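Chains as they are written, first to last, in the UniProt record's numbering: chain A, 1 to 421; chain B, 1 to 421.
Structure (structure tokens):
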């Protein structure tokens with residue numbers, strides 16, 4: 001009935017998909033709506049920061065040369081000629097014996113070359129004139145934040161592909177990016193297959209289950225930063241399924257189907273790939289769950305046939321779809337961040353294939369631990385809810401014990417990495 | 001001019017704010033729009049999973065008793081009486097010598113008590129009748145996923161306050177939650193103060209800087225899961241500022257101002273708190289940056305006066321506002337996750353106050369390291385862009401060296417923890 005499929009290693013499968021990556025398009029969005037988007041260009045400083053020399057403290061601006069004679073017994077007195085707050089522009093140039101009362105963040109007046117904090121000054125009024133005196137010397141440049149001392153004009157600050165977080169947004173505001181050039185979100189189509197699937201509103205019926213994969217996958221698509229288009233669910237009927245998939249491909253950048261990729265009597269996807277003339281990159285991967293994961297390329301678009309099993313579907317998305325979306329969004333660290341950790345649980349069952357185990361990470365005294373998110377039956381959907389990482393357990397003839405070292409792929413980490421490994 | 005302020009420890013400041021926490025309201029959203037919301041109720045299993053006994057493989061369902069005589073020399077033959085795919089309901093009860101061809105996920109027919117995978121069966125046709133034969137015995141229950149073996153009806157699966165991630169969404173779909181009861185997002189008002197602030201579209205002017213804090217804070221509010229309302233920026237003028245703040249308080253759950261909380265000549269917030277009759281919880285915290293952070297309670301609403309310095313504002317939000325938002329969203333782990341790490345850089349400058357240093361985390365062989373995100377001048381805005389954590393360096397008379405141990409608060413981690421420490 002079905003040809004024997006030859007499983008290929010996960011790395012090789014990733015490489016085959018990765019060759020079909022494409023960078024996405026760009027668009028401008030208002031800074032108000034740029035959160036969690038990815039920059040489509042490098043951000044450079046449009047002006048020096050600070051744009052003018054400024055005071056880091058509330059105090060007095062003065063000429064350091066005038067403090068040369070000051071010591072604890074001989075205070076030097078200055079006439080206060082101006083009083084400026086942040087945002088005000090000093091109008092008076094300081095001459096010998098003159099000082100300006102100045103607030104944090106305000107621009108240093110011409111002539112002044114240092115700031116004396118309030119704490120070291122005595123101030124008083126005489127008639128309508130203000131004075132201040134000081135009992136110590138100050139150096140030229142002391143307590144002045146020089147123009148451009150934080151950032152010089154034209155300096156490259158943030159790389160293309162960076163996720164816009166609160167700090168990046170602050171920077172965009174600082175340099176007046178009211179419109180921000182970001183990566184356009186690619187559109188990922190989702191189709192669920194299987195006669196056993198009920199709509200979410202339907203009452204449970206004998207032999208049937210509700211369609212959870214499509215909802216899960218849409219959520220993964222959103223987490224990965226893309227948009228989705230859901231084309232509903234297909235019955236296990238070849239011609240209708242073929243037509244729906246062919247039309248859907250026109251409307252999306254990437255198409256994902258779940259289910260129908262095994263070798264069961266009603267698994268139609270292999271026949272559909274053939275009818276489309278799609279180039280099947282692989283249809284069996286040496287991994288659990290998700291060994292039947294299939295990826296095909298069709299007229300420049302990737303067509304993913306993920307397993308109908310929820311965990312296999314989940315893992316297949318994170319391993320094979322997410323990096324492609326990230327690349328499309330200009331993220332230069334498109335792959336999941338991979339770190340080393342110690343097992344916090346036993347995992348006694350050996351498997352010839354590499355396992356990607358639903359897990360979460362804990363920390364103890366600076367050491368990272370990886371914990372099972374649930375019993376790893378590939379059909380236990382509840383454990384996905386608690387997963388924030390995938391533990392990578394290499395295939396072999398032995399199981400794993402608490403304290404063993406393992407690699408972990410972090411699902412909620414924004415940093416990522418350049419390569420799969 | 002201003003009374004001396006007495007700094008209180010960070011923990012004490014957090015406690016004072018925490019006493020004013022309030023749980024939020026709830027609302028229903030469609031499952032399509034529930035991503036990244038927080039559950040306002042526990043999720044329990046509305047039916048067993050699986051809801052019926054099912055097959056984990058493609059194969060034949062049969063009665064194990066009928067295989068008793070089978071061995072490698074004496075195959076036992078069965079008449080195949082039905083053929084069912086996933087989602088189909090078996091109509092025939094199996095009697096002695098009968099088998100049902102069954103696909104992965106399909107419901108086990110009455111009478112059958114085990115599944116023989118295709119791989120161990122011989123099948124053939126004779127006339128129009130299908131037969132299969134088997135050369136080994138099977139046990140009762142073998143290869144059957146029993147009803148309720150993953151989840152029993154009524155079992156509590158997910159706690160109130162949990163963030164809806166792809167796995168949680170799959171679960172909601174499985175149990176038919178087409179409407180999901182979630183925490184309503186509280187509305188956080190934002191007002192920037194300071195005559196030095198320019199709008200983002202304005203050309204840079206002498207002595208002025210663009211308003212970046214408001215944009216940054218809005219982004220932090222979004223990251224924390226709340227909605228925002230931006231009331232613009234205020235000039236340093238008491239009566240107009242008072243009126244704006246008083247009116248804004250009517251429209252929001254929490255109000256944040258940035259700037260105006262120091263003791264500078266134009267810092268109006270202390271006077272405004274007094275005029276409102278607000279209860280000032282503290283106006284000085286033994287921390288850097290952000291020692292002037294002020295929090296007041298006014299008619300049951302929290303009113304945050306964060307520093308105008310970007311880093312101080314950022315840290316003040318994450319320490320004092322975010323946990324209150326999280327509690328409002330029913331998150332039972334409202335505080336930032338705090339882990340131990342080793343310093344990857346020197347931080348030689350001692351400070352009597354606790355420092356919250358902009359940083360990011362790296363991993364090496366299972367060990368967590370904390371890295372400086374930039375020079376820690378409190379006015380360097382660029383380093384915030386690279387920050388995914390805050391390093392906590394206790395106050396004291398000495399600096400810190402590479403390899404020293406420090407605590408780190410993770411900003412992008414979804415897990416959080418129940419207490420600040």
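Positions of the beta carbon are idealized from the N, C-alpha and C atoms, including for glycine.
Bear in mind the structure is a predicted one, so any value in this text is a computation, not a measurement.
Reference residue i; option with closest CA among the options
| i | options | result |
| --- | --- | --- |
| residue 79(A) | 86(A), 69(A) and 94(A) | 94(A) |
| residue 20(B) | 266(B), 295(B), 145(B) and 33(B) | 295(B) |
| residue 225(A) | 68(A), 119(A), 321(A) and 124(A) | 321(A) |
| residue 399(A) | 287(A), 343(A), 407(A) and 350(A) | 350(A) |
| residue 144(B) | 135(B), 204(B), 206(B) and 52(B) | 52(B) |
| residue 386(B) | 197(A), 159(A), 6(A) and 138(A) | 159(A) |
| residue 134(A) | 141(A), 308(A) and 122(A) | 122(A) |
| residue 190(B) | 257(B), 235(B), 165(B) and 314(B) | 257(B) |
| residue 413(A) | 393(A), 364(A), 336(A) and 106(A) | 336(A) |
| residue 149(A) | 182(A), 330(A), 48(A) and 319(A) | 48(A) |
| residue 277(B) | 261(B), 263(B), 297(B) and 265(B) | 297(B) |
| residue 216(B) | 117(A), 32(A) and 204(A) | 32(A) |
| residue 34(A) | 301(A), 163(A) and 366(A) | 163(A) |
| residue 393(A) | 342(A), 252(A), 44(A) and 383(A) | 342(A) |
Residue i: contacting residues in chain B (beta-carbon distance under 9 angstroms)
| i | result |
| --- | --- |
| residue 475(A) | This structure cannot speak to residue 475(A), because chain A is shown only from 1 to 421. |
| residue 158(A) | 382, 385 and 386 |
| residue 314(A) | 166, 167 and 170 |
heavy atom of the ligand PLP below 7 angstroms from residue i C-beta
| i | result |
| --- | --- |
| residue 99(B) | With respect to small molecules bound, the structure shown includes none, and the ligand PLP cannot be examined in it. |
Distance between residue j and residue i (C-alpha atoms, nearest Å)
| i | j | result |
| --- | --- | --- |
| residue 378(A) | residue 405(B) | Model confidence at residue 378(A) stands at a pLDDT of 45, short of 50, so the residue's coordinates are unreliable and nothing is read from them. |
| residue 376(A) | residue 290(A) | The predicted position of residue 376(A) is uncertain, since its pLDDT is 49 and thus under 50; a value taken from the coordinates is nonetheless stated next. Looking at the two C-alpha atoms, the distance is approximately 13 angstroms. |
| residue 327(B) | residue 417(B) | 11 angstroms |
| residue 168(A) | residue 38(A) | 10 angstroms |
| residue 96(B) | residue 132(B) | 14 angstroms |
| residue 161(A) | residue 401(B) | 33 angstroms |
| residue 114(A) | residue 223(A) | 50 angstroms |
| residue 389(A) | residue 360(A) | 5 angstroms |
| residue 267(B) | residue 334(B) | 32 angstroms |
| residue 65(A) | residue 58(A) | 21 angstroms |
| residue 4(B) | residue 363(B) | 44 angstroms |
| residue 307(B) | residue 86(A) | 14 angstroms |
| residue 273(B) | residue 186(B) | 22 angstroms |
| residue 126(A) | residue 157(A) | 50 angstroms |
| residue 218(A) | residue 318(A) | 12 angstroms |
| residue 22(B) | residue 255(A) | 44 angstroms |
| residue 410(B) | residue 368(A) | 14 angstroms |
Per DSSP, the bridge partner or partners of residue i
| i | result |
| --- | --- |
| residue 422(B) | Because chain B spans 1 through 421 in this model, residue 422(B) falls outside it and cannot be assessed. |
| residue 405(B) | 342(B) |
| residue 127(B) | Answer is none; residue 127(B) lacks a bridge partner. |
| residue 393(B) | 355(B) |
| residue 189(B) | 229(B) and 255(B) |
| residue 305(B) | 257(B) and 294(B) |
| residue 28(B) | 181(B) |
| residue 83(A) | 101(A) |
| residue 360(B) | 371(B) |
Per-residue contacts from residue i into chain B (C-beta, under 8 angstroms)
| i | result |
| --- | --- |
| residue 106(A) | 196 and 207 |
| residue 414(A) | 388 and 412 |
Chain-ordered neighbours of residue i on chain A, where CB pairs are closer than 8 angstroms
| i | result |
| --- | --- |
| residue 425(B) | Shown here, chain B extends from 1 to 421; a query on residue 425(B) therefore has no answer. |
| residue 51(B) | 204 and 209 |
| residue 310(B) | 170 |
| residue 103(B) | 264, 265 and 266 |
| residue 70(B) | Within 8 angstroms Cβ-Cβ: nothing; residue 70(B) doesn't reach chain A, min ~23 angstroms. |
Chain B residues whose Cβ lies nearer than 7 angstroms to that of residue i
| i | result |
| --- | --- |
| residue 31(A) | 200 and 215 |
Residue-level contact to chain E via CB, residue i, 8 angstroms cutoff
| i | result |
| --- | --- |
| residue 212(B) | Here the protein chains are A and B, and chain E is not one of them. |
Chain-ordered neighbours of residue i on chain A, where CB pairs are closer than 7 angstroms
| i | result |
| --- | --- |
| residue 278(B) | Those do not exist, as residue 278(B) stays about 24 angstroms from chain A at its closest Cβ, beyond 7 angstroms. |
| residue 47(B) | 204 |
Residues within the region 339-354 of chain A neighbouring chain B, beta-carbon criterion of under 9 angstroms: From the region 339-354 of chain A, only 339, 340, 341 and 342 have a Cβ closer than 9 angstroms to chain B.
Taking only beta carbons into account, state which residues of the region 168-181 of chain B come closer than 9 angstroms to chain A, listed in chain order. Within the region 168-181 of chain B, the qualifying residues are 168, 169, 170, 171, 172, 173, 174, 175, 176, 177 and 178.
Any C-beta of chain A within less than 8 angstroms: which residues of the region 88-101 of chain B qualify? If the cut-off is 8 angstroms between Cβ atoms, the region 88-101 of chain B has 88, 89, 90 and 101 near chain A.
Give me the subset of the region 116-147 of chain B whose CB atoms are less than 8 angstroms from a CB atom of chain A, sorted by chain position. 145
To be precise: take each residue of the region 249-268 of chain B, compare its Cβ to all Cβ atoms of chain A, and keep it if any distance is under 9 angstroms. Which residues remain? 259, 262, 263, 264, 265, 266 and 267
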